[in-house]
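Colleague: Pasting a structure below so you can have a look.
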Amino acid sequence: MIEGGWTTRHLSGTVGELHQLSPDPDVDREVWLMSPHDTALVLGSAQPDAAAASSEAGVVRRRSGGGAVLVVPDDTVWIDVVISRNDPLWDDDVNRAPLWLGQVWRAALALVGVDGGVVLDRYEPGPWGRLACFASKGPGEVLIGEAKAVGVTQRRTRNTARFQTLVYRRWDPEELAARLAIPADQVDDFREALSAAAYAVDAYRDDINAAFLSSLPR
-12 MIEGGWTTRH
-2 LSGTVGELHQ
8 LSPDPDVDRE
18 VWLMSPHDTA
28 LVLGSAQPDA
38 AAASSEAGVV
48 RRRSGGGAVL
58 VVPDDTVWID
68 VVISRNDPLW
78 DDDVNRAPLW
88 LGQVWRAALA
98 LVGVDGGVVL
108 DRYEPGPWGR
118 LACFASKGPG
128 EVLIGEAKAV
138 GVTQRRTRNT
148 ARFQTLVYRR
158 WDPEELAARL
168 AIPADQVDDF
178 REALSAAAYA
188 VDAYRDDINA
198 AFLSSLPR
């Protein structure tokens, strides 16, 4: 579907399959509405395998940076956006590059009743940010108070930028903590930090997707 200059693609598969997708090098503007079939712990590109408590099935790796994210089909809304280098939205500065997308998400959240979003313009890694994505804060991410409502990471090539975004409809820090390798003497500190790290957006998935699409620049 093409609307307002954006092509919308509805994509389904395992979490690993969806993360391995590559944009067409001749892409214009695309939005990928992801429908994962499984639950998986997704490690950032620079994280060691040892960050996961187990190397068994259910652990995948993405090609973009940042800490680990737990993708749960019923609990998460996963939307990726792809633009080309020729797009006016493109910015060579990786810190400025996702700021426009943060504003899109801020507007989308307001449409589903979540007001007061703030788009961060800097990195605030925090003590646990290298381990868990939602324990850190970065450019383009949307905060409600001190909690992260929208996580953003990006994978860039010479011709394209793929921004990966995630919203939690329900936040279960205990499930994420159980899947990460945390020193025994630091588990309590990690769980305490994680408990308030994310803001759960209590809205239907279809409503969130529709709000996001309607908030995109034309």
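Under my numbering, the sequence shown has 205 at position 218, and the numbering climbs by one with no breaks.
Don't be surprised by glycine CBs; every beta carbon is placed ideally from N, CA and C.
Predicted model only: the values in this text are computed from it and were never measured.
Taking the CB atoms as reference points, tell me whether Arg178 and Asp62 lie closer together than 8 Å.
Modeller: Along the sequence shown, read from residue 1 onward, the residue named residue 178 stands at position 191. Along the sequence shown, read from residue 1 onward, the residue named residue 62 stands at position 75. Their beta carbons are not under 8 Å apart, which means Arg178 does not touch Asp62 by this criterion.
Colleague: If I'm right that Leu98 touches Ala198 with Cβ under 8 Å, what's the distance once you round it to whole angstroms?
Modeller: To locate residue 98, count along the sequence shown from 1; it is residue 111. To locate residue 198, count along the sequence shown from 1; it is residue 211. About 4 Å separates the two Cβ atoms, so the contact holds.
Colleague: Measuring CB to CB, does Asn82 end up less than 8 Å from Pro126?
Modeller: Within the sequence shown, residue 82 is the residue found at index 95, counting from 1. Within the sequence shown, residue 126 is the residue found at index 139, counting from 1. Yes; because the gap between Cβ atoms is below 8 Å, this pair is in contact.
Colleague: So, using beta-carbon positions, are Arg49 and Ser32 closer together than 8 Å?
Modeller: Here the question's residue 49 lines up with position 62 in the sequence shown. Here the question's residue 32 lines up with position 45 in the sequence shown. Cβ distance < 8 Å, so Arg49 and Ser32 count as in contact.
Colleague: Is there contact between the segment 129 to 147 and the segment 3 to 22, where contact requires at least three CB pairs shorter than 8 Å?
Modeller: In short, these stretches touch, since the Cβ pair count reaches three.
Colleague: On the CB-based measure, 16 or more other CB atoms within 10 Å of its CB, does Tyr110 come out buried or exposed?
Modeller: Indexing the sequence shown from 1 puts residue 110 at position 123. When all chains shown are included, Tyr110 counts as exposed.
Colleague: Using only the alpha-carbon positions, how far apart do Asp102 and Ala134 sit?
Modeller: Your numbering for residue 102 matches position 115 in the sequence shown. Your numbering for residue 134 matches position 147 in the sequence shown. When rounded, the distance between both Cα atoms is 13 Å.
Colleague: Within the continuous beta strand (DSSP E) that includes Trp115, where are the two ends?
Modeller: The residue labelled residue 115 in the question sits at position 128 within the sequence shown. Run containing Trp115: none; DSSP gives neither H nor E here.
Colleague: Go ahead and pull the three-state DSSP assignment for Pro160.
Modeller: In the sequence shown, residue 160 corresponds to position 173, counting from 1. Correct three-state label for Pro160: helix.
Colleague: Note down the Cα distance separating Thr140 from Leu76, rounded to an integer number of angstroms.
Modeller: Within the sequence shown, the letter at position 153 stands for residue 140. Within the sequence shown, the letter at position 89 stands for residue 76. Rounded to whole angstroms, Thr140 to Leu76 spans 16 Å at the Cα level.
Colleague: Confirm, please, whether the CB-CB distance from Ala39 to Gly3 is below 8 Å.
Modeller: Working through the sequence shown from its first residue, we reach residue 3 at position 16. Working through the sequence shown from its first residue, we reach residue 39 at position 52. Against a cut-off of 8 Å, the Cβ pair of Ala39 and Gly3 comes out as no contact.
Colleague: Any idea if His6 is buried or exposed, counting beta-carbon neighbours within 10 angstroms, 16 or more meaning buried?
Modeller: Taking the sequence shown and counting its residues from 1, one reaches residue 6 at position 19. Buried.
Colleague: Can you list, in chain order, the residues of its chain with a C-beta nearer than 6 Å to that of Ala94? Leave out the 5 residues immediately preceding and following it.
Modeller: Translated into the one-based positions of the sequence shown, residue 94 becomes position 107. Correct list, in chain order: Ser202.
Colleague: In this structure, how does DSSP classify Leu8 when only helix, strand and coil are distinguished?
Modeller: Taking the sequence shown and counting its residues from 1, one reaches residue 8 at position 21. Reduced to three states, the DSSP call for Leu8 is coil.
Colleague: If we ignore side chains and look at the alpha-carbon of each, how far apart do Val105 and Thr152 end up?
Modeller: Here residue 105 corresponds to residue number 118 of the sequence shown, with the count starting at 1. Here residue 152 corresponds to residue number 165 of the sequence shown, with the count starting at 1. Near 16 Å, if we compare the C-alpha coordinates of Thr152 and Val105.
Colleague: Starting from the N-terminal side, write out each stretch of the beta strand (DSSP E) that is 3 residues or longer and does not extend beyond the segment 13 to 83.
Modeller: 16 to 23, 27 to 30, 46 to 48, 56 to 58 and 63 to 71
Colleague: Give a yes or no on whether 8 Å exceeds the smallest Cβ distance from Leu30 to chain D.
Modeller: No chain D is present in this structure, which holds just one protein chain.
Colleague: Could you name the residues of the same chain whose beta carbon sits closer than 7 Å to that of Ala122, not counting the 5 residues immediately before and after it, in chain order?
Modeller: In the sequence shown, residue 122 corresponds to position 135, counting from 1. Here Ala122 has Gly54, Gly113, Trp115, Gly116, Ala180, Leu181 and Ala184 as same chain residues with Cβ atoms under 7 Å from its own Cβ, once five neighbours each way along the sequence are excluded.
Colleague: Between which two residues does the beta strand (DSSP E) harbouring Ala180 extend?
Modeller: Residue numbering aside, residue 180 sits at position 193 when the sequence shown is read from its first letter. Element bounds for Ala180: not the beta strand (DSSP E) but the alpha helix (DSSP H), Val174 to Ser182.
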